[in-house]
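Numbering (my numbering), first residue to last: 365 to 522.
Single-structure report; data block below.
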């Protein structure tokens, strides 16, 4: 058995968050959506969100599919599993303008990215890495115990 096979795995669906105290490989696939990975460099715990739309408008449920809700909930969740706000770092991925989705006219990817970056600045959480924008989707895998994030990009189709 390899070490990777002994690590817990979790696929993060759009509009959700995930953080647990145990080590996990958290993976997700992004187009115009944005994922923020938070990791505590002292206690070695972390989590991820998957933002679909930038802002909740106050109608319906305040779910983490909205960036402003997802950012608050992810921060609260990683703190609840032992992270300390002052030792958190962030990595941000996604926000592509994937042609053919019909969303490019609304600039959803750019708006999702802007919201995530602005909220991290507001939270005073340093951004150690980002791979955002462009015209191709991404698959990311975060190790919640090490903070390492692997990124794979799709092929450009136009």
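A virtual CB, placed ideally from N, CA and C, is assigned to each residue, including glycine.
* **8 Å Cβ shell around residue 372 - same chain, five flanking residues per side excluded** => 384, 386, 387, 388 and 389
* **Coarse secondary structure for residue 402, derived from DSSP in three states** => strand
* Asked: residue 422: which of 432, 414, 413 and 416 sits nearest, CA to CA?
  -> 432
* **Buried versus exposed, by CB contacts within 10 Å (16 or more), residue 369** => exposed
* Asked: Should residue 435 go down as buried or exposed, given a rule of 16 or more other Cβ atoms within 10 Å for buried?
  -> buried
* Asked: Which same chain residues, not among the five before or five after residue 437, have their C-beta less than 8 Å away from its C-beta?
  -> Setting aside the 5 residues that flank it on each side, residue 437 is surrounded in the same chain by 381, 413 and 428, each with a C-beta closer than 8 Å to its C-beta; the list follows chain order.
* Using the C-alpha atoms, what's the distance from residue 425 back to residue 512? -> 33 Å
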